[in-house]
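Everything below concerns the one structure shown next.
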Ligand code: UDP
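Following this line, the structure appears as structure tokens:
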């Protein structure tokens with residue numbers, strides 16, 4: 001079953017089980033849902049994740065991402081759910097000291113979003129030692145792409161993520177894409193990120209859950225490809241995949257953006273036997289393009305532009 005407050009989530013994305021609408025801020029609602037379903041394990045994705053907003057309104061982030069998760073953990077302990085897969089982030093590392101970031105890299109986050117996730121990792125380690133609540137934290141790099149059937153994709157409001165913005169520009173639904181910073185110490189001056197397909201991320205969650213069910217101790221894994229792509233490369237590949245012209249403007253750096261974030265995901269391969277299968281940039285872009293086109297077609301049908 002899925003519990004979601006639908007603030008940023010969509011009921012239409014819940015396909016394989018009942019949806020319970022509720023908020024982590026509401027312990028009574030959590031107790032109700034936990035006593036009804038008695039889950040053995042939880043996958044916890046619910047969090048605010050806009051880096052810029054977290055700088056402007058940290059209370060919103062600590063309240064939801066940390067205090068909300070504490071409520072969830074209390075409900076889990078109360079009902080005897082002993083295993084958790086937790087969405088963490090490469091933003092918990094801060095500025096990288098190496099080209100590829102391994103799990104052992106120091107975690108010095110540079111914004112409240114990253115700090116809220118790091119705090120939760122630390123709290124989870126303490127809960128594991130003290131209460132035996134085992135968890136696997138998965139540090140995602142840049143989640144991207146849409147499912148192969150084009151049924152579920154990125155649907156954010158506001159949209160701030162690079163790939164959806166590029167595709168909107170390709171479709172003429174926004175005038176241009178702005179490259180945030182062209183003076184980074186990277187080959188073409190734009191930021192480098194490690195884009196990982198959501199289908200590969202989903203598979204890692206299933207694997208992590210299976211490992212926990214078999215007794216795997218509390219652990220942490222990076223999820224990325226180990227290959228980086230610059231903002232300009234993503235735009236160039238998107239132009240090739242869509243066959244559209246993508247108007248580009250350049251702008252200043254976005255505060256809080258490190259030049260390069262690329263995973264060393266060797267551990268997830270060795271220990272979880274996980275490997276990305278659909279995370280090459282072209283596959284990511286093609287799947288996202290298919291999904292965006294089908295969503296725009298639905299939107300346009302729902303509210304056609306009348307002369
Ligand atoms: N980016 C950009 N223009 C945009 C949105 C993002 O140049 O309109 C850059 C951003 O600076 C970062 C990369 O694209 O280097 C990925 O950003 P996104 O917001 O998609 O993910 P994040 O790295 O923040 O998780």
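In my numbering, the protein residues as written are 1 to 307. Even for Gly, the Cβ is constructed at its ideal location relative to N, Cα and C.
Against chain B, with Cβ distances strictly below 8 Å, would residue i count as a contact?
i: residue 300; result: Of the protein chains in this structure there is only one, and it is not chain B.
Terminal residues of the continuous alpha helix (DSSP H) containing residue i?
i: residue 292; result: 281 to 302
i: residue 267; result: 266 to 272
Run the proximity test for residue i: is its beta-carbon closer than 7 Å to any non-hydrogen atom belonging to the ligand UDP?
i: residue 196; result: no
i: residue 161; result: yes
i: residue 113; result: no
i: residue 231; result: yes
i: residue 185; result: no
i: residue 48; result: no
i: residue 179; result: yes
i: residue 278; result: no
i: residue 142; result: yes
i: residue 174; result: no
i: residue 157; result: no
i: residue 110; result: no
i: residue 51; result: yes
i: residue 254; result: yes
i: residue 165; result: yes
i: residue 193; result: yes
Thinking just about the alpha-carbon of each residue, which of the options is nearest to the one in residue i?
i: residue 77; options: 155, 42 and 46; result: 42
i: residue 316; options: 292, 80, 262 and 63; result: Since the first and last residues shown for the chain are 1 and 307, residue 316 lies out of range.
i: residue 212; options: 21, 173, 8 and 133; result: 133
i: residue 294; options: 209, 54 and 155; result: 155
i: residue 273; options: 11, 223 and 175; result: 223
i: residue 280; options: 248, 241 and 256; result: 241
i: residue 158; options: 72, 3, 8 and 30; result: 8
Since residue i is in the beta strand (DSSP E), which residue starts that stretch and which ends it?
i: residue 62; result: It is not in any beta strand (DSSP E) - residue 62 carries neither H nor E in the DSSP assignment.
i: residue 20; result: 19 to 21
i: residue 196; result: 195 to 197
Residues in the same chain with beta-carbon distance under 6 Å from residue i, minus the five sequence neighbours each way, listed in chain order, please.
i: residue 298; result: none
- Item | Start-end ranges of the alpha helix (DSSP H) lying completely within the region 2 to 85, minimum 4 residues | The region 2 to 85 contains these whole alpha helix (DSSP H) runs: 27 to 37, 51 to 56, 58 to 61 and 69 to 79.
- Query: Which runs of the beta strand (DSSP E), 3 residues or longer, sit entirely within the region 127 to 191?
  - Reply: If only complete runs of 3 or more residues are kept, the region 127 to 191 shows the beta strand (DSSP E) at 134 to 140, 142 to 144 and 177 to 180, in order along the chain.
- Item | Start-end ranges of the beta strand (DSSP E) lying completely within the region 212 to 276, minimum 3 residues | Here the runs fully enclosed are 219 to 223 and 248 to 251.
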